[in-house]
Structure formats: structure tokens, C-alpha cells
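**Student:**
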Amino acid sequence: MNSKRSNIYLVASKESKWALDFQAFINGRYDIIMLKPEDLENMRISPDSAVRGVIVLYESDCPPAQWFKRVRSCVLYMDLPLIAVTTTLTLAMRAQLLAAGASVVCDAGDGPERVLIETENRCNVEPVMENIRQQLLNPFIDATMRTLTTLTGGAPLLHSVYCKNGYSIFGDYSVLVTLCTRSEGTMVISFPRQTGYEIGKRMILPLGVEINEELVQSCLMEIANIIVGQAKGALAPTIYRFSMSLPNIIAGRNHVIRYQSGLPCLVASFTGEIGEFALQLCMDISGQEPKGDVS
Amino acid sequence: MKVLLIDDSAVMRLMLKSLLKQYDFTDVAEAGNGMEGIGILNKGPIDLILLDLHMPELDGLELLRMLKSNAHWRNIPVIIITSDSEKDKLREGMKLGADSYITKPFRNEGLKEAIALAMRRKTG
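As given, the protein sequences belong to chains E and V, one line each in that order.
Counting in the numbering used here, the first sequence runs from 12 upward without gaps.
Counting in the numbering used here, the second sequence runs from 143 upward without gaps.
1) Just to check my reading of the structure: Leu146(V) and Gly179(V) have Cβ atoms closer than 8 Å, yes? What is that Cβ distance to the nearest angstrom?
2) What residues from chain A crowd round Glu233(E), counting only those whose CB sits closer than 7 Å?
3) Please name the residue in Gly176(V), Gly239(V), Phe248(V) and Ala258(V) whose C-alpha comes closest to that of Leu159(E).
4) If you reduce the DSSP assignment to three classes, tell me which class Ile285(E) lands in.
5) If you reduce the DSSP assignment to three classes, tell me which class Asp121(E) lands in.
6) Using CA coordinates, which residue listed in Ser17(E), Met156(E), Met294(E) and Gly120(E) is at the minimum distance from Leu68(E)?
7) Of the residues that make up the segment 188 to 214 of chain V, which ones have a beta carbon closer than 9 Å to any beta carbon in chain E?
8) Note down, in chain order, all residues in the segment 157 to 191 of chain V with a beta-carbon under 7 Å from any beta-carbon belonging to chain E.
9) Taking the alpha-carbon of Glu26(E) as reference, which of Met45(E), Phe36(E) and Leu257(E) has the nearest alpha-carbon?
10) For the segment 183 to 199 of chain E, which residues have a CB atom closer than 8 Å to at least one CB atom of chain V, in sequence order?
11) Taking 8 Å as the threshold (beta carbon to beta carbon), is Gly165(E) in contact with chain V?
12) If you measure between the beta carbons of Tyr243(V) and Ile222(V), is that distance less than 8 Å?
13) For the segment 105 to 122 of chain E against the segment 225 to 242 of chain E, do three or more pairs of beta-carbon atoms, one drawn from each stretch, fall closer than 8 Å, so that the two count as touching?
14) For Tyr165(V), does the count of other Cβ atoms within 10 angstroms reach 16, so buried, or fall short, so exposed?
15) What residue range does the alpha helix (DSSP H) around Val227(E) cover?
16) Distance, Cα to Cα, Pro258(E) vs Thr97(E)?
17) DSSP puts Ala30(E) in a beta bridge; with which residues?
18) Using 8 Å for Cβ pairs, my map puts Val172(E) next to Val186(E). What's the rounded Cβ distance?
19) Taking Cβ-Cβ distances shorter than 7 Å, what residues in chain V pair up with Met214(E)?
20) Suppose the cutoff is 6 Å on Cβ atoms and the five residues either side in sequence are ignored; what does the same chain contact list for Ser225(V) look like?
21) Check the C-beta distance from Gly235(V) over to Leu206(V) and give it rounded, since I have them as a contact under 8 Å.
22) Determine the DSSP secondary structure at Ser84(E), reduced to helix, strand or coil.
23) Determine the direct distance from the alpha carbon of Lys237(V) to that of Lys185(V), and round the result to whole angstroms.
24) Which whole-angstrom value describes the C-beta separation of Val62(E) and Val139(E), a residue pair presumed to lie in contact below a C-beta threshold of 8 Å?
Now the structure itself:
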């Protein structure tokens, strides 16, 4: 069981009265992690089932919507609710903030209860059930660790595991492999560009070949192919056995992939010396036998 | 000695080629799928084939079947390249007449041993 307390990030200047009122209203129901605007420069809010959302408070001297884009880029791989709260709400400001990635824009005058409801209603992240993690997700996690350690010499560290009900995937490179079980599922591994190039460098440079975009993409596709292949072998004797397609890659800075499989999406995010990345697995977890031959 | 490397992954071909060079196999032809492999086989003699199983167009097992049913090609040693997952396919490949295999991700020594085994089987 996941025993961690849930938390909400609150980006505001510490002197803010609204922030203090909000903390008093929460009164221990969540852990509030306070961030100053300047903290955003060098930080990442990594995905975790304990994070319920990020509230960003704009007051009269607030920076423009560009600053909110920075908040968006701090949140890796997931559509966490990003709630903008402002004391000087205008229609133009609302439009700017929504365009910059805010999930919703609230007027500070509406009070902390409204803001909390907006946050809770938009949160789609849950812990992964232990049996699903053990039986289904761990083979993919083990394969990821083993493959990247062997091919890059840099062992990834598992950062967090969670389940999300939204189907948005963020990244600069995403490798997709279709998995066929009872229904069609997908495994996607998404990498920021920096991680993609670090992996590429570690795999290619020792071969005495200059790195280029095509080779980086080839490295990432091969890694995904091996990971799914190994997980396929581990799951072959179980009800989660599947057949797999060849990998496809989507490359594009900060791309978002949305799909509607109706299946829950299990996420394992990693960090470590090669950088951050996330594995996302959407497949039938009902525990029923697959139909027909999926070998 | 001429080696034919058939794998749809450009990076895997680079890695294998680099390892082969370390073992003094410098004459290496590359193909990105089974059809391209057939084209190279038709052009001249090949002494060893490294064959990926999971490929588009013509996959490794289909190509292996063609190789073993062709009088000109059936005696060329074949090393299968596969990930752990494909144990059934691997068994099928060995039954079809592959001489040895390596599993991805592989370490350098693995390829060397697989080549030695394949060549022993050919000469033995």
C-alpha cells in the first residue's frame, strides 16, 4: 500500500496572505509544498501518485503568462492539474493563462475552498494496486533497468509509480509499441531531448561514429524494442501475455499524444545519470485470460 | 571471410559491426530487412549471417526458412539475434537450422562465443 501523504505544490511569494489563508484552510489534509517563483528556474516537479496538483498564485506584480509556461515545463510527463489563482483576474489574463497551460483560472476572491475543489476534481493520478505492480508493471521496470544499464552503462533509478486516468503523454521523443492482449494496448517510453541525446551519446560515441538525430531515434527505438521484448518473455506464462508490434517513434519538442483506449495508464518514471524519462503502459488489467493465441 | 548482418535497427547494425571489427571481421555487408538480405545473398558468397528475428518486410524466421531450403545458402552458418522474449521463436529458429544465437542486450563476449560456436558447428 502507498502510505505517503498527498501533497499540493503552491507557488507563491511567502508573504502572500492568500497563501497563508489557503494553508490555514487545508489544515493538515494535505502537505503543502511552498515554492517561490524563483525556485522554478532549476526544478522539476516529478510525477508521483502523492502529488495532487500545482497551484500558482498571481498577484498584482505577477510575471506574465510566459512564466506559467515554465511551471508547465516543470511537470514531467503528466497532466497534473495546474491551477492559476489571481487577484487581478481579467478576461485577457484568463485567456493568456489557459493558453499557457493552466487547467483552470480562479479568482483569489473565490476563496480557498473553490481552489481546492478545482484541484481535487482535476486530479487523475492514483497509486497502482500492489498486485498489478508486482505482476504486470515490475517486468517492464526490471527490463528497463537491465536494458539501459547494459546499453548505456548508466543505471536508471525508479522515481515513482502511479496510475493515471488521462491519456496525455508528454515528451520530446516517444517510442510506441502496440501490445495485443484481450484488447489492444500500448507501451510508450517518453524521453526529454536531453535524455535522448545522453543515451545516444553513450551508445554511439564508443563506436567511433558521430551522433545525429537519426541515430538517437534508432537508439531509443531499439531500447524500447528490447524492453518490451524482455517484458513479453517474463509475462509469457501469465494472463498478461501479449504479442507486440515493431516500435514507432514520435519526435517533436514538447509533443503531446492523446489517445482514447479506455484503459488505465500505469506510469513508471525514472531518473539517474542518463536523465529523466517515463514508461507508460496502457493495457487491460482486468485479470482475464487473453482471447486466442497471442504468442 | 564475409559476414552478412541483417537487422532493421541502424544502431544495432553499428554496434554489431563494431564488435565484428574487433574480432577481425572487416568485410561486413548490411541489410535492414530480409528482402535486402536476399538481395545481398544473390550478389555473392557469404560466410556467416547474423539475423535479427523481429523485422519488417520479411522477418528472421521466414528468411531462415528460405535459407535452409535453398541449396546454395543452406550451409551458411546463421546466428540468431533476439531479445529474451522470443524464446518460442528462438526454439523454432534453432529447429529450422540456426547454428547459435545471442540475446539482446548482449555483451561483447556473447557475440564472440556465438560466432565460435556457429563456426565449430559448420566445420565439425
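Note that the Cβ used here is the ideal one computed from N, Cα and C, for glycine as well.
Treat the numbers as computed from the prediction; the structure is a model and nothing was measured.
**Tutor:** For this structure:
1) So it is a contact: roughly 6 Å between Cβ atoms.
2) The structure shown contains no chain A; the protein chains it does contain are E and V.
3) Minimum Cα distance to Leu159(E) is reached at Phe248(V).
4) Ile285(E) falls in the coil class under three-state DSSP.
5) Helix at Asp121(E).
6) Here the closest residue by C-alpha is Gly120(E).
7) Listed in chain order, the positions of the segment 188 to 214 of chain V with a beta carbon within less than 9 Å of a beta carbon of chain E are His196, Met197 and Pro198.
8) Taking 7 Å as the cut-off between beta carbons, the residues of the segment 157 to 191 of chain V near chain E are Met157 and Ser160, in sequence order.
9) Nearest in C-alpha terms to Glu26(E), of all of Met45(E), Phe36(E) and Leu257(E), is Met45(E).
10) Here the close residues number zero.
11) Answer no: the Cβ-Cβ gap between Gly165(E) and chain V never drops below 8 Å.
12) Yes. Within cutoff.
13) The answer is no - the segment 225 to 242 of chain E does not touch the segment 105 to 122 of chain E, with fewer than three Cβ pairs under 8 Å.
14) Result: exposed.
15) Glu224 to Leu246 is the extent of the alpha helix (DSSP H) around Val227(E).
16) So the two alpha carbons sit approximately 44 Å from each other.
17) Paired residues: none, contrary to the question.
18) Contact flag wrong, Cβ pair sits at about 19 Å.
19) Per Cβ cutoff of 7 Å: Val153.
20) So the qualifying residues of the chain are Lys246.
21) With a Cβ gap of about 6 Å, Gly235(V) and Leu206(V) count as contacting.
22) It is helical.
23) Rounded to the nearest angstrom, the two C-alpha atoms are 27 Å apart.
24) Actually they are not in contact, since the Cβ atoms of Val62(E) and Val139(E) sit about 15 Å apart, beyond 8 Å.
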